[in-house]
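Undergrad: Handing you a structure now.
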Amino acid sequence: MTQSEPLIRLTVADSDAAHSRFLAGLNRPEDGVLSLRARPTTRRNGWMSKDLLAAMGKRFDVSGKLRNDQEYTALVPVWLAAHDISDVVISGVETLLLDHLHHLALLAHGSGVRLWLVADHVASAALHELAAAWPMFGMSRRDFDAHWSALPEQPETAEGLAGLGQDWPAEVPYVDFPVFLSEARSRLAPDEAEAVASGFLKAFEETHRILEAGDDEVLDEDTVADMLRTLLRDCTTRPEMVTCVRAFQTAAFVDRWLVLVDLDTFLSSGSDHLAALAANPETWRSLRAYTQPYRAAACALVAAGADLDSLESLRLADLLDNRLGTDLALDRLPAPGDADAACSSNGGSADGLDLPRGSEVFVRALVLQRLAGGATADDNVFYDGSDQVGPRTLGRALDAAATELGLVFSTGPVRRKTETPKQWRQRHGVSVQHIDPPKRRSSG
Amino acid sequence: MSRTSIVAPSEGLRHLSGLPDDVPALKTVGFRTAQYVARGAVADGEIAAFTGRAGLGKTFAVDYAVRSFDMPWIRVQVGPAPPPKEVTSLLLKAVYGSFQKGALYELTDMLVDELVAEPRIVVVDDSQNLDKHGLDQLRHIHDLGSAAFPLFFVGGEGCAQLLASDPQLADRVGGWVRFNPIPDDDVVPLLCEYHPFFEATDPDLLVQVNDSYAKGVLRRWARVLKVTLPLAANTATPDRLTLEPFQAALSVLLKDPNLS
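These protein sequences, in sequence, are chains A and B. In terms of our numbering, the first sequence has 172 at position 172, counting the first letter as 1, and numbering is strictly consecutive. So the mapping is simple: our numbering equals the position in the second sequence, first residue as 1, plus 1000.
Rendered as structure tokens:
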């Protein structure tokens, strides 16, 4: 399909119940396709805007209701771009008034999405007028069906947490690091032991490589603990975390660091829950419910480790690359512990935040909304309409996600500041100590 | 195989008020077809239409059908040309037990969400009263539900023409059941199974009553039974219908201006 082809195409289809279901099944925002049915009683463009947002997963029974139709309409192009929607299929268009059809045509041309209008049985007079005013072409139902039938099968989306860490056993041995690997091999089934050993060796080698290459002048208790913290971010299940902890301890010991971990305290910290939550695709699908971009974006950034104070001070320049709004320089996000971050209290890693996979769309939408509203690179990211969003509002957004969607992004009360490495060590029952080389006794 | 037979009555069915308790449901052709079509519509979440003149047992057959499935059902009776919001509100009231506030947009979504979350058989009685906007709204609600729930249109005179006139809807109707009056040949055997009072009656008199009044319409036969039973109790033949109580009943029944 070339760019010179009209963005709008019209099909008159004698839809029966089966074809109606086929059309409804085309709604797949993940694949860049929206499909919705025009309401026969549509009176305002705002209804169409809300239906488009709903097709992208927005819900109107959760926090963040907008004030009027105009606000909903303004967010449609933002979300279309953020979700990278390329095609919008609207069936039942024979019931729409000419005003609504013009609105859709404008939206298609403004957003660069292909608009597939499907009239049921008859092409109304309004559709004929639309065809006279806008570049568009007619398409037979056969061609329409052939085009959309070629869409690949939708993968199962309900795997959620069940699909995570499926190679790992339900439990791993509750023993200390010197004997962990041998106990795992002797107690677990062969395939489970293999998964544990593989994870153990991977974490061991990664830790050993970093510690061996590290400068003893730079390495201290905080940086070593921060390495453990970073390593655990990729773990999604409790057995995986325990294995990583034990591997880290072993590697650290080889490199003359004694890392002690009170497993009871560690496991009761709730960090495994947060890691699993961030790694679960269903989490980010659920967060599409919020129409206001700042709500889900705040959840995404907090899941990546940001605190509320640093979110408040975050500027668009921190997120933008050369191509404004399309590529987000996420590695430039201030990390917790980044000494340069305006409100971050602890020094340490200068690495950027790693947004959980699937959550980028919310940050992108927020940036696009701000840019569309006239913000510049020096402006704050978190605004809602004309009001800056402070830590209290961001905290309420996180609370709303917890109460309305069951997504809890905090192991306790939501904090304004990220805990310091020392606080993190204390909460997780971790102590780090350098093992000095033994002093040689003089023989004489 | 007989074209009519008897099935056990179900509790709470909408018989004509005042009939004896032991009156069974009559398994006419229309009744049996309705059960078949309803079964398919419930299995596939389709739209079904049950049409025919008044008094032929449409509402009763659908009432019987919805009780035979393991699925909750709601029934609304629509007045003249209800606007889309009224149709939606009526259905929501049937679901929640009270009227819900909100714009049509919100009410529609609320209803669809509820019907998808907990599917129910939706029965719209007196569908001939709907206009195009009401029909469009019901079709839209069913489309939004993506066949999560079956939708039954039940309507009298003009209903079939109304539904067929809307091609978008007509193509989505998975089954049509048209109810017709009982054929003359079937009237006497059917009535003999309907009630012992008719079984003991002279068949010629039953034919005469059918020709002069009932015209094969079930509801009229139910009225005859309801009115003549107490009248016959005061005669020498209380166990059967005779000409005298029928003529007395007719003087009451024919006050209906629609009767010929």
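Glycine residues also receive a C-beta, built at the ideal position from the N, C-alpha and C atoms.
1. Consider the Cβ of A:Arg295: report whether some Cβ of chain B lies at a distance smaller than 8 Å.
2. Check for me: the alpha helix (DSSP H) holding A:Ser49 runs from which residue to which?
3. What residues in the stretch 107 to 120 of chain A bring their beta carbon closer than 8 Å to a beta carbon of chain B?
4. So, are the CB atoms of A:Asp222 and A:Pro421 less than 8 Å apart?
5. With a threshold of 8 Å between beta-carbons, can A:Asp14 be considered close to chain B, or not?
6. Is the stretch 113 to 129 of chain A touching the stretch 50 to 70 of chain A in the sense that three or more CB pairs, one from each, lie closer than 8 Å?
7. Is it true that the CB of B:Leu1206 sits closer than 8 Å to the CB of B:Trp1198?
8. Tell me the rounded alpha-carbon separation between A:Thr95 and A:His147.
9. Could you please give me the residues that DSSP links to B:Ile1048 through a beta bridge?
10. Counting Cβ pairs closer than 8 Å, one from the stretch 296 to 307 of chain A and one from the stretch 74 to 89 of chain A, do we hit at least three?
11. Any C-beta of chain B sitting closer than 8 Å to the C-beta of A:Ser63?
12. Can you say whether B:Leu1162 is buried or exposed, counting buried as having 16 or more other CB atoms within 10 angstroms of its CB?
13. In terms of residue numbering, what span does the beta strand (DSSP E) encompassing A:Arg114 cover?
14. For B:Glu1199, return the contacting residues in chain A, with the cut-off set at a CB-CB distance below 9 Å.
15. For B:Lys1101, name the three-state secondary structure that DSSP assigns.
16. Suppose contacts are defined by Cβ-Cβ distances below 8 Å. Is B:Phe1152 in contact with B:Val1123 by that definition?
17. Where do the N-terminal and C-terminal ends of the beta strand (DSSP E) with B:Ala1025 fall, by residue?
18. Give me the chain B residues within the contact set of A:Ala17, using Cβ-Cβ distance strictly less than 9 Å, ordered along the chain.
19. Residues of the stretch 285 to 313 of chain A with a CB closer than 9 Å to any CB of chain B: list them in chain order, please.
20. Can you check DSSP and say which residues form a bridge with A:Leu34?
21. Could you give the C-beta distance for B:Leu1144 and B:Val1087, rounded to a whole number, given that I count them as a contact under 8 Å?
22. Quick check on B:Pro1150 - is its C-beta less than 8 Å from some C-beta in chain A?
23. Unbroken alpha helix (DSSP H) runs of length 4 or more, entirely within the stretch 1170 to 1256 of chain B: which are they?
24. Under 8 Å, do A:Ser35 and A:Ala24 count as touching if we go by C-beta distance?
25. I want to see whether chain A comes within less than 8 Å of B:Asp1131, judged by CB atoms only; does it?
26. From B:Thr1201 to B:Phe1060, what distance separates their C-alpha atoms?
27. Span of the beta strand (DSSP E) holding A:Phe137?
28. Going by beta-carbon coordinates alone, are B:Gly1057 and B:Pro1150 separated by less than 8 Å?
29. Can you list the residues of chain A that B:Pro1167 reaches, using a CB-CB cut of under 7 Å?
30. Under 8 Å between the Cβ atoms of A:Pro239 and A:Trp134?
31. Give the straight-line distance between the Cα atoms of A:Arg187 and A:Gln249, rounded to the nearest whole angstrom.
32. From which residue to which residue does the beta strand (DSSP E) around B:Gln1161 run?
33. In this structure, what does DSSP give as the bridge partners for A:His434?
34. B:Gln1161 CB to nearest chain A CB: under 8 Å?
35. Can you give me the C-alpha to C-alpha distance between A:Ala125 and A:Leu151, rounded to a whole angstrom?
36. Would you decide whether A:Phe362 is buried or exposed? Buried here means 16 or more other CB atoms lie within 10 Å of its CB.
TA: According to the data block:
1. Taking the first residue of the first sequence as 1, we reach residue 295 of chain A at position 295. For A:Arg295, the answer is no, since every Cβ of chain B falls outside 8 Å of its Cβ.
2. As a first step, residue 49 of chain A must be located in the first sequence, where it is residue number 49. A:Ser49 -> alpha helix (DSSP H) spans Asn45 to Ala55.
3. Asp120
4. Against the first sequence, residue 222 of chain A aligns to sequence position 222. Against the first sequence, residue 421 of chain A aligns to sequence position 421. In contact: A:Asp222 and A:Pro421 (Cβ atoms closer than 8 Å).
5. Counting from 1 along the first sequence, the entry for residue 14 of chain A is found at position 14. Chain B contact via Cβ: present.
6. no
7. As a position in the second sequence, residue 1198 of chain B is number 198, starting the count at 1. As a position in the second sequence, residue 1206 of chain B is number 206, starting the count at 1. In the sequence under discussion, the amino acid at residue 1198 of chain B is Phe, which differs from the Trp named in the question. It is a contact, given that the beta carbons lie within the stated cut-off.
8. Taking the first residue of the first sequence as position 1, residue 95 of chain A is located at position 95. Taking the first residue of the first sequence as position 1, residue 147 of chain A is located at position 147. Between A:Thr95 and A:His147, the C-alpha separation is close to 24 Å.
9. In the second sequence, counting from the first residue as 1, residue 1048 of chain B sits at position 48. In the sequence under discussion, the amino acid at residue 1048 of chain B is Ala, which differs from the Ile named in the question. Paired residues: B:Phe1152 and B:Gly1175.
10. no
11. Position 63 of the first sequence holds residue 63 of chain A. Taking Cβ atoms only, chain B never reaches closer than 8 Å to A:Ser63, which makes this a no.
12. Here the question's residue 1162 of chain B lines up with position 162 in the second sequence. The residue in question, B:Leu1162, is buried, as its Cβ has 16 or more Cβ neighbours within 10 Å.
13. Numbered from 1 along the first sequence, position 114 holds the residue referred to as residue 114 of chain A. Here the beta strand (DSSP E) through A:Arg114 covers Arg114 to Asp120.
14. Position 199 of the second sequence holds residue 1199 of chain B. Ordered by position in chain A, no residue passes the 9 Å Cβ test against B:Glu1199, which lies about 45 Å from the chain.
15. Taking the first residue of the second sequence as position 1, residue 1101 of chain B is located at position 101. B:Lys1101 falls in the coil class under three-state DSSP.
16. Start at 1 with the first residue of the second sequence, and residue 1152 of chain B comes out as number 152. Start at 1 with the first residue of the second sequence, and residue 1123 of chain B comes out as number 123. Cβ distance < 8 Å, so B:Phe1152 and B:Val1123 count as in contact.
17. Here residue 1025 of chain B is taken as the residue at index 25 of the second sequence, counted from 1. It spans Ala1025 to Lys1027 - the beta strand (DSSP E) in which B:Ala1025 sits, taken as one unbroken run.
18. To locate residue 17 of chain A, count along the first sequence from 1; it is residue 17. Per Cβ cutoff of 9 Å: Asp1044, Gly1045, Glu1046, Ile1047, His1142, Asp1143, Ala1147, Asp1171, Arg1172, Val1173 and Gly1174.
19. none
20. On the first sequence, residue 34 of chain A is found 34 positions in, with the first residue counted as 1. Bridge partners of A:Leu34: A:Val88.
21. Walking along the second sequence from the start, residue 1144 of chain B turns up at place 144. Walking along the second sequence from the start, residue 1087 of chain B turns up at place 87. Not quite, the Cβ-Cβ distance comes to about 14 Å (not below 8 Å), so this is no contact.
22. Locating residue 1150 of chain B in the second sequence gives position 150, counting from the first residue. With 8 Å as the cut-off, B:Pro1150 does not count as an interface residue toward chain A.
23. 1184 to 1194, 1196 to 1199, 1203 to 1209, 1218 to 1232 and 1243 to 1253
24. Counted from its first residue, the first sequence places residue 35 of chain A at position 35. Counted from its first residue, the first sequence places residue 24 of chain A at position 24. Contact: yes.
25. Translated into the one-based positions of the second sequence, residue 1131 of chain B becomes position 131. No, B:Asp1131 lies away from the interface with chain A (no Cβ there is under 8 Å from its Cβ).
26. Residue mapping note: residue 1201 of chain B aligns to position 201 of the second sequence, counting from 1. Residue mapping note: residue 1060 of chain B aligns to position 60 of the second sequence, counting from 1. Approximately 26 Å, taken between the alpha carbons.
27. Position 137 of the first sequence, counted from the first residue, corresponds to residue 137 of chain A. It spans Met136 to Gly138 - the beta strand (DSSP E) in which A:Phe137 sits, taken as one unbroken run.
28. Taking the first residue of the second sequence as 1, we reach residue 1057 of chain B at position 57. Taking the first residue of the second sequence as 1, we reach residue 1150 of chain B at position 150. No. Outside cutoff.
29. The count along the second sequence starts at 1 and reaches residue 1167 of chain B at position 167. Ordered by position in chain A, the residues that pass the 7 Å Cβ test against B:Pro1167 are His121.
30. By 1-based counting over the first sequence, the position of residue 239 of chain A is 239. By 1-based counting over the first sequence, the position of residue 134 of chain A is 134. No, the Cβ-Cβ distance between A:Pro239 and A:Trp134 is not below 8 Å.
31. Looking up residue 187 of chain A in the first sequence gives position 187. Looking up residue 249 of chain A in the first sequence gives position 249. Distance between the alpha carbons of A:Arg187 and A:Gln249: 21 Å.
32. The count along the second sequence starts at 1 and reaches residue 1161 of chain B at position 161. Careful: B:Gln1161 lies outside any beta strand (DSSP E), inside the alpha helix (DSSP H) at Cys1159 to Ser1165.
33. On the first sequence, residue 434 of chain A is found 434 positions in, with the first residue counted as 1. A:His434 is bridged to A:Trp257.
34. Here the question's residue 1161 of chain B lines up with position 161 in the second sequence. Cβ-Cβ to chain A under 8 Å: no for B:Gln1161.
35. For this step, residue 125 of chain A is matched to residue 125 along the first sequence. For this step, residue 151 of chain A is matched to residue 151 along the first sequence. So the alpha carbons of these two residues sit roughly 32 Å apart.
36. Taking the first residue of the first sequence as 1, we reach residue 362 of chain A at position 362. Flag for A:Phe362 reads buried.
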